[in-house]
Structures are given as structure tokens and as C-alpha cells.
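Worksheet: one structure, shown below.
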Amino acid sequence: MKLTAWEMVQEGIPVTVIADNMAASLMRQGRVDAVVVGADRIASNGDTANKIGTYSLAVIAHHHNIPFYVAAPLSTIDRDLPNGLQIPIEQRDTREMTHIGETRIAPEGVNVLNPAFDVTPAELISAIITEEGVLRPQFTHSIEAAFEISRKVNP
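Note that our numbering has the sequence shown beginning at 28, numbered continuously upward.
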């Protein structure tokens, strides 16, 4: 997030960084024009894996009719994956949620889920912004077209 914000400032793009849990409130107030997120992996249909909470943010943006953009290099797209169901989701150490340092802050025996990523379905994504241009839905076609352009420009 900090790197993305820095890069946007360098390009002269107005950006405001907020805490994740205040997004819905600001959207409801009409204070959000668009959402731009990164991606760790994109399936060939446009389903996008990114840091946990991205899917929730996309749902909230969709509810408020706010465009939701993914900004990522073409190298993030895995054309061998037909959709996001095949993207493996890393499970992080449960101690990240049950401990601060060596001090336990959660009760013994509590179940913990700590995925590092979630997958945002393509139908919630307005566009994917790449170095080869802006890809629009239907992503299967626009992704292939972008790779074809990339092959011609960078043989």
C-alpha cells in the first residue's frame, strides 16, 4: 500500500491512504471516487488474488457503484489458471493472531484462520491496468490481446 501510494504521488495522481475498516463509511459518504489495488496473481478470466480483505473491498465498492481497478504488470497474469479457484492461498502462522511477541492474547484452544490472500471475482473488477494498457471485461479476451501486443512490441 505504501509503495503504491508513493508511486501514484510520483505520477501526480491524487491519492488518499485510509485504514481498511473505514472504506465502507467513506464510500457511503461519497468520498471515494475509485478503488485501485494491486495483485499477487491474476487468473486468465480476471479473478485476482491479493492481500486478504481485497475481496471485501471489491464487494463494498460494487455496492456503492464505485469503480474497482486492479493495477498489475502482465507478468502477474497466469494464463494457465482458468479461474481464481485454482489459485493457492497461503495460510499464515496462527501466532500472528494469537500472540504479540511471546504474549498470548487469544484464549487457548481457539481456532484461527489466517489466510494471506483472498480472490476477488472478475465480475467485481472494472478494469485491470497493465503496462500494455487497460484491460476491460471480458478479461479472457482482453488478457490474450494484451499478451499479443506485448509479444509484438517485445519480441
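Ideal Cβ positions, reconstructed from N, Cα and C, are used throughout, including at glycine.
Asked	Found
Nearest CA to the CA of Thr121: which residue from Pro41, Val64, Gln113 and Ile132?	Ile132
State buried or exposed for Ala46, treating a residue as buried only when at least 16 other CB atoms are found within 10 Å of its CB.	exposed
Is the distance from the Cβ of Phe144 to the Cβ of Ile104 below 9 angstroms?	no
Rounded to whole angstroms, what is the Cα-Cα separation between Ala173 and Glu150?	19 angstroms
Who are the Cβ neighbours of Pro148 in its own chain at under 6 angstroms, not counting the five residues just before and after it?	Asp74
Excluding the 5 residues preceding and the 5 following Val139 in the sequence, name in chain order all residues of the same chain whose CB lies nearer than 8 angstroms to its CB.	Thr121, Met124, Thr125 and Ala133
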